[in-house]
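Report on the structure given below.
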Amino acid sequence: MAKLNDTDIMEDLLTAKEIAQKLSIRSSTVYSWAHIGFIPHVRMGKCIRFEEARVVQWIQKRRVNGRARYKIDI
962 MAKLNDTDIM EDLLTAKEIA QKLSIRSSTV YSWAHIGFIP HVRMGKCIRF EEARVVQWIQ
1022 KRRVNGRARY KIDI
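Take the position in the sequence shown, starting the count at 1, then add 961; the result is the number in the working numbering.
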């Protein structure tokens, strides 16, 4: 098992502003989600950072496939 060094871990951490830009939402939304524990994050004192890989996994869990067919009864 490969051991990550501190530099690798720090390079993967993103700010709320960076996450907001990637998701096309406001940074205040990202902070709110982190505050309620909705989005995975790392808290370092008053700073909040996000591991990109964990956020991607979080998004993939929430992916919803559309219906193959939609039936309308008239």
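Backbone N, C-alpha and C define an ideal beta-carbon position, used for all residues, glycine too. Every value quoted in this text rests on a predicted model; they were computed, and no experiment measured them.
Proximity to residue i [Cα-Cα], best of the options
{"i": "R1015", "options": "I1033, E979 and H1002", "result": "H1002"}
{"i": "Q1018", "options": "A981, R1028, I1000 and Y992", "result": "I1000"}
{"i": "A981", "options": "K1022, K1007, R1023 and E1013", "result": "E1013"}
Identity of the residues DSSP links to residue i by a beta bridge
{"i": "L974", "result": "E1012"}
{"i": "I1004", "result": "At residue 1004 the sequence reads Arg, which differs from the Ile that was named. Answer is I1009."}
Spatial neighbours of residue i in its chain, beta-carbon cut-off 6 Å, leaving aside the 5 residues before and after
{"i": "V1025", "result": "none"}
{"i": "K1032", "result": "none"}
{"i": "D1034", "result": "none"}
Cut-off 8 Å between Cβ atoms - residues of its own chain near residue i, not counting five sequence neighbours on either side
{"i": "A977", "result": "S988, V991, Y992, A995, I1009 and F1011"}
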